[in-house]
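Chemist:
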Amino acid sequence: MASTTLTSGTRLRGTVRVPGDKSISHRALLFGAIAEGETQIEGLLPAEDPLSTAACLRAMGVEVSAIEAGQPVLVRGVGLDGLQEPAQVLDCGNSGTTMRLMLGLLAGRSGRHFVLDGDSSLRRRPMARVAKPLGQMGASIHGRQDGNLAPLAIQGRQLQGAVIRTPVASAQVKSALLLAGLSAEGPTTVIEPALSRDHSERMLRAFGADLVSEPQASGGPRVLITPGARLQGQRVVVPGDISSAAFWLVAGLLVPGAELLLENVGLNPSRTGILEVLEAMGAPLEILNERLVAGEPVGDLRVSPAPLKAFSIGGELIPRLVDEIPILAVAALAAEGTSVIRDAEELRVKETDRLAVMARQLRAMGAELEETSDGLVIPGGQQLHGASVDSETDHRVAMSLAVAALVARGSTNIARAEAAAVSYPNFWDDLSRLQAG
Ligand code: S3P
Numbered sequence: 036m037a038s039t040t041l042t043s044g045t046r047l048r049g050t051v052r053v054p055g056d057k058s059i060s061h062r063a064l065l066f067g068a069i070a071e072g073e074t075q076i077e078g079l080l081p082a083e084d085p086l087s088t089a090a091c092l093r094a095m096g097v098e099v100s101a102i103e104a105g106q107p108v109l110v111r112g113v114g115l116d117g118l119q120e121p122a123q124v125l126d127c128g129n130s131g132t133t134m135r136l137m138l139g140l141l142a143g144r145s146g147r148h149f150v151l152d153g154d155s156s157l158r159r160r161p162m163a164r165v166a167k168p169l170g171q172m173g174a175s176i177h178g179r180q181d182g183n184l185a186p187l188a189i190q191g192r193q194l195q196g197a198v199i200r201t202p203v204a205s206a207q208v209k210s211a212l213l214l215a216g217l218s219a220e221g222p223t224t225v226i227e228p229a230l231s232r233d234h235s236e237r238m239l240r241a242f243g244a245d246l247v248s249e250p251q252a253s254g255g256p257r258v259l260i261t262p263g264a265r266l267q268g269q270r271v272v273v274p275g276d277i278s279s280a281a282f283w284l285v286a287g288l289l290v291p292g293a294e295l296l297l298e299n300v301g302l303n304p305s306r307t308g309i310l311e312v313l314e315a316m317g318a319p320l321e322i323l324n325e326r327l328v329a330g331e332p333v334g335d336l337r338v339s340p341a342p343l344k345a346f347s348i349g350g351e352l353i354p355r356l357v358d359e360i361p362i363l364a365v366a367a368l369a370a371e372g373t374s375v376i377r378d379a380e381e382l383r384v385k386e387t388d389r390l391a392v393m394a395r396q397l398r399a400m401g402a403e404l405e406e407t408s409d410g411l412v413i414p415g416g417q418q419l420h421g422a423s424v425d426s427e428t429d430h431r432v433a434m435s436l437a438v439a440a441l442v443a444r445g446s447t448n449i450a451r452a453e454a455a456a457v458s459y460p461n462f463w464d465d466l467s468r469l470q471a472g
């Protein structure tokens, strides 16, 4: 699919079972690979990003069964030090999580050499945020810009535990350091400026790692990992991805007459910033059937349209909704009052510069908004018009523009709409089904 055309004025009704959480899917594959015994994963996201992680693991001798929607995935663990030196470059595709977590995992594989590469977007994304602190632990990582840009060469070495204060609240950085800490000499402590998603901590503990997370008076918790514990294969049930549900939440609030039920959505508190903002905007969200599935809180979400108030967000909330800012920008255009997003400079180093891309694409639909160095200022009450827009290869931009198109006057053509498959392979099918609903 090169492009897709959407027209406003359609219905939007029905039930969606959003695909598996992308962050948890990567971790289940990776931790399963380095555990002993078999890991069975249910609900794994069968999308391009987790497929990249699986392909890298297979290239290092790990058996991972076929990844198909609705089928459990089996990973035959090789143990922490069982990954083989790959004969080929490890292709991380578009996936920052794959590359950053692999850096942490592979830096400590003594005596083996690895090369990590990715697509043109990933080759532009900063890796020094992982390579530098890994360097403090003794890692050898080389690439363009002094080890900042892929392709990256890793010479595996025995690492030393360290106390590391990360400058950005990033779960990818934290997870890479915890993976390195698993086989370092001595314990490793990671302290972040604010809490980022904690799926690694939860799942590593479930696999048997010696990991303690202590909340601090301010900033993120202090996460201490002590090497020596043996990881054991587990059964992992992956909840639906709240970052994918977010597109339907906003669509359900904005499209007149919409009625949506989103089933099996992960509600980990380090990810639910979007719900807090939508509720503060006046969204009538109902959380039903709340339960705990394999250590992660899960629920169903019901949403229908309502008048919305503007929001102002920044600070420690940002890491808890970092992937939802593009779709929040769409919600802001329909709200009453001016919304402000601050402290979101991280968006500039995602799959695209999401602040610039969202501003550019929404302007093409008639929106007036201001792009600041670390966010957006978005006056509400704006009626968009249909236009030719472009995902610029970014999955979350593609899906945010789809929601904008549903409330624009006239029809909108979204170029490079296939980008959605990076995290949500059935997005366009789900949309057609809900429009027919
Ligand atoms: C992710 C962490 C976030 C997020 C990304 C997935 C993860 O990135 O944007 O989509 O799985 O750890 P950062 O950790 O760089 O903020």
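Converting from the sequence shown to the numbering used here requires adding 35 to each position, the first position being numbered 1.
We put the CB at the ideal spot given by N, CA and C, even for glycine.
Determine the burial state of S130: buried for a count of at least 16 other Cβ atoms within 10 Å of its Cβ, exposed for fewer.
Modeler: So S130 ends up on the buried side.
Chemist: Sorted by chain position, which residues of the same chain lie with C-beta nearer than 7 Å to R46's C-beta, five sequence neighbours on each side aside?
Modeler: Cβ contact annotation for R46 (same chain, cutoff 7 Å, sequence separation greater than five): G292, Q470, G472, in chain order.
Chemist: S426 and T42 - do their beta-carbons sit closer together than 8 Å?
Modeler: no
Chemist: Measuring only from the beta carbon, is R232 closer than 7 Å to any heavy atom that is part of the ligand S3P?
Modeler: Between the ligand S3P and R232, a heavy atom-to-CB distance of less than 7 Å is present.
Chemist: So which of S279, L295, L352, L363 has the shortest CA-CA distance to A82?
Modeler: S279
Chemist: When you compare only the Cα positions, how much space is there between D429 and M95?
Modeler: 29 Å
Chemist: What does the alpha-carbon distance come out to for the pair G139 and L213?
Modeler: C-alpha separation (whole angstroms): 8 Å.
Chemist: Does the Cβ of K385 lie closer than 7 Å to at least one heavy atom of the ligand NAD?
Modeler: Ligands present in the displayed structure are limited to the ligand S3P, and the ligand NAD is not among them.
Chemist: Residue range of the alpha helix (DSSP H) that T133 falls in?
Modeler: 131-141
Chemist: Once DSSP output is grouped into helix, strand and coil, what is the label at S253?
Modeler: coil
Chemist: Let's see if you can read the secondary structure: which residues bound the beta strand (DSSP E) around A185?
Modeler: Segment 184-190, the beta strand (DSSP E) holding A185.
Chemist: Going by alpha carbons, who is nearest to R232 out of T223, A204, A104, A439?
Modeler: Comparing Cα positions, the closest option is A204.
Chemist: Could you name the residues of the same chain whose beta carbon sits closer than 8 Å to that of L327, not counting the 5 residues immediately before and after it, in chain order?
Modeler: V333
Chemist: If you draw a straight line from the alpha carbon of Q269 to that of E73, how long is it in whole angstroms?
Modeler: 7 Å
Chemist: A422 by DSSP, collapsed to three states: which one?
Modeler: coil
Chemist: Any idea what DSSP makes of D84, helix, strand or coil?
Modeler: Here DSSP, grouped into helix, strand and coil, assigns D84 to helix.
Chemist: Which term fits N324, buried or exposed, when burial requires 16 or more other beta carbons within 10 angstroms of its beta carbon?
Modeler: exposed
Chemist: May I ask you to list the residues that DSSP assigns as paired with L47?
Modeler: Looking at the DSSP assignment, L47 forms no beta bridge with any residue, so it has no partner.
Chemist: For S100, I'd like the list of residues in its chain whose CB is within less than 7 Å of its CB, leaving aside the five on either flank, ordered along the chain.
Modeler: In chain order, V108, L109 place their CB closer than 7 Å to the CB of S100, counting only its own chain and leaving out the 5 sequence neighbours on each side.
Chemist: Confirm the yes/no value for this check: CB of E381, any heavy atom of the ligand S3P, distance under 7 Å.
Modeler: yes
Chemist: Going by other Cβ atoms of all chains shown within 10 Å of its Cβ, with 16 needed for buried, is S374 buried or exposed?
Modeler: buried
Chemist: Hey, is V208 close to the ligand S3P, as in C-beta under 7 Å from one of its heavy atoms?
Modeler: Yes; taking the cut-off as 7 Å, the Cβ of V208 has a heavy atom of the ligand S3P nearer than that.
Chemist: Alpha carbon to alpha carbon, how far is S467 from A185?
Modeler: 38 Å
Chemist: Rounded to whole angstroms, what is the Cα-Cα separation between E359 and V365?
Modeler: Spanning the two alpha carbons is a distance of roughly 10 Å.
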